[in-house]
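Working notes, structure below.
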Amino acid sequence: MYEQFGIDEKIVNLMKKSEDEIKPIFKEIEEVCEYNSLKVLKAFQDNNISDMHFGTTTGYGYGDVGRDTAEKVFAQVLGAEDCLLRNQFISGSHALTVALFAFLRPGDVMLSICGKPYDTLDEVIGIVDNPSSLKSFGIKYEQIDLNENDFDYEAIETRLKQSKVKLIEIQRSRGYATRKSLTLDKIEKVVTFIKNIDKDVIIMIDNCYGEFVGKYEPTSFGADIIVGSLIKNLGGGIASNGAYIAGKKELVELAAERLTLPGEGKEVGPSLGANKQFLQGLFMAPSVVASSLKTAVLASKMLEELGYKVQPRFNEKRADIVQTIEFGNEEKLIKYCQGIQMGSPVDSNSIPEPWDMPGYTDKVIMAAGAFTQGSSIELSCDGPIRPPYIAFMQGGLTYEYGKLGVLKAISRII
Ligand SMILES: *Cc1c(COP(=O)(O)O)cnc(C)c1O
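When the letters of the sequence shown are read in order and numbered with the working numbering, they come out as residues 69 to 482.
Structure (C-alpha cells):
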C-alpha cells in the first residue's frame, strides 16, 4: 500500500527501524492515555451523562442541561472548580482574549513570564497597535523572557515585589517561538513560587496543545485559570469549533459575563448541537492525543536520522503535541508542509503556499487537510517563512494516518 502512495521502500524501512527503537516511548504514552481515559470515564459516570445531555437549545439557550453538564464534566477532568465550554468561542485565541478582557481593568498590569505570547495575541495586547487592544483601554503589558528554557525566577521575584501585577500569563506550548515548550514540572514550580510572593495575582495558563499530554492539568496545582481550544487536544477531532476557560469559579464567572453579558453570564448561550460533539470529543481526546504524540515521536526519530535538527528529540519529555523540524531553507519547509497536505484525507490535491494570514506578522504556510477547518489536532503542519525555517507539525487522529502523512512529507523533501 505504501508504494501506491508513492513512498519509497527505503523510507518504509527507515520507518520500521525507527518504530523498533521508539517502542518504550510509545509504552509511556499509552500509560498516560490509559490514566486520562479513566479520568474522563469517571467524570461521565459521576455526572450521570445520558442521552438527554445530547439535546440542544436555540435562541437564548436558557436551561441547556447538556451544556451545563458538559461544563461540569470538563471541570472535573481538568481539576477545576468551574468551566466555561462554549461554541460561541471562535477558537482558542478568542477565549484567551475574552479571559484577558474579563480579568483586567484600566491601570492593571499584565505580565508574561515566558517571553512574547502567541502571535494572535499581539493586537489583543497592543504589542502591535490596534484601536481595540487592551493597551487602548489603559492596560499595561510587561514581559520577562525565559532564561535558557526555564523561568527567570530572579526577575520574576524582583518585579512582583516592585509593584502590583494583576495577571501573569504562562504559555505552555512554544507557539511559533524557538524556545522549548514548558513541562508541567516547570510550570508547577513557578506557580508555587509566584503564589508564595503574591497569592492574589491571577495566574492564567495558555493551555493550548498541552491537554492530556500529562496526567494532570495546571489547574490541579494552583494555576487560577487555564484556556484552550477545542479544535486542538480536548475536542478530540470531533468538536467543530469552540474553546474552554476553566479554573476558579469567580474568574470563570467573570469570563462568562464578558463572553455573553453582565447579568446573564453562563445562563445563556445556545448549544446548537454542540453538546454531543463536546462530550464525544472529550471521550476520544486521550486516545487522539496519544496518537498525535506517537506521530510526533516517529517524525522526530526519522527526521533526526535524516540529519535534521528536531525539537523535542524522540526520547525527550514532551510538554505538548507539537514537533518542530528545522529545515534551514525555505524550499524544504514548504515541501515538507506540502507533503503533509498530500497525505491528508481532505484536499489532498491542494498545494499549500505561504500567505499573509490575519493575526500573524510573517508569511505563514499552513498544511491541513482536515475535516474541521483549521483543526490542528488533525495532522497539520505550518511554519512562518523566516529563518531558520522551522516547521511546526502536530496532530494525527490515529497513529496510522499520522504516520502516512509523515512518510509522505519525508518523501517530498528527499
Ligand atoms: C493554537 C494556539 C493558540 C490559539 O488557538 P486557536 O484555536 O488557533 O485560536 C493560542 N496559543 C497557543 C500556544 C496555541 O498553540
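The C-beta atom is built at its ideal place from N, Cα and C for all residues, glycine as well.
Tell me whether the beta-carbon of residue i lies closer than 8 Å to the beta-carbon of residue j.
i    : j    : result
V474 : P452 : no
R480 : K377 : no
F171 : I270 : yes
A324 : G333 : yes
G303 : I445 : yes
A311 : H162 : yes
L327 : V166 : yes
I212 : R240 : no
L350 : F157 : no
V295 : L164 : yes
D119 : T429 : no
E256 : F289 : yes
I93  : F460 : no
V100 : K283 : yes
Residue i and residue j look like a contact to me (Cβ under 8 Å); what is the Cβ gap, rounded to whole Å?
i    : j    : result
S339 : T124 : 5 Å
L152 : V320 : 5 Å
S180 : E222 : In fact, because the Cβ distance is near 17 Å, the residues do not count as touching under 8 Å.
A435 : Q409 : 4 Å
L472 : T287 : The Cβ separation is near 36 Å, so there is no contact.
P354 : F280 : 5 Å
P330 : G396 : Contact flag wrong, Cβ pair sits at about 52 Å.
I306 : Q345 : 5 Å
E89  : K369 : 7 Å
Please name the residue in the options whose C-alpha comes closest to that of residue i.
i    : options                : result
A387 : G315, N275, Q211, K267 : N275
Y244 : L189, A291, K263, E139 : L189
L371 : V258, K334, E468, A477 : A477
I293 : T363, L168, N264       : L168
L298 : E384, M178, V356       : V356
L235 : P330, D213, C405, I207 : I207
G183 : G129, E71, R242        : R242
E98  : N301, A358, G175, G290 : A358
K362 : M178, S86, S418        : S86
I265 : Y284, L252, V233, M178 : V233
K107 : R454, E285, D424       : E285
T466 : S231, S360, S105       : S360
V258 : N217, L366, I117       : N217
Would you mind reading off the limits of the beta strand (DSSP E) that contains residue i?
i    : result
M178 : 177-180
A311 : 311-315
P452 : 448-452
S297 : 293-297
K208 : 208-211
A435 : 432-436
L235 : 235-239
I195 : Element bounds for I195: n/a, residue is neither H nor E.
A387 : It is not in any beta strand (DSSP E) - A387 carries neither H nor E in the DSSP assignment.
L189 : Run containing L189: none; DSSP gives neither H nor E here.
Say whether chain B places a C-beta atom closer than 8 Å to the C-beta of residue i.
i    : result
I238 : Considering every chain present, this structure includes no chain B. It has just one protein chain.
Compute the minimum distance between the beta carbon of residue i and the heavy atoms of ligand 1, and state whether it is under 7 Å.
i    : result
S448 : no
I265 : no
I299 : yes
T392 : no
L252 : no
G341 : no
T188 : yes
Y221 : no
S180 : no
S241 : yes
L214 : no
Y130 : no
I'd like the span of the alpha helix (DSSP H) that includes residue i, first residue to last.
i    : result
A367 : 342-373
A477 : 467-481
M410 : 398-410
C101 : 91-114
Q391 : Q391 -> not in any alpha helix (DSSP H); beta strand (DSSP E) instead, spanning 391-394.
R135 : 133-146
Q230 : 221-230
I75  : Neither: I75 is in no alpha helix (DSSP H) and is coded neither H nor E.
A163 : 160-171
D501 : Absent from the structure is residue 501, since the part of the chain shown begins at 69 and ends at 482.
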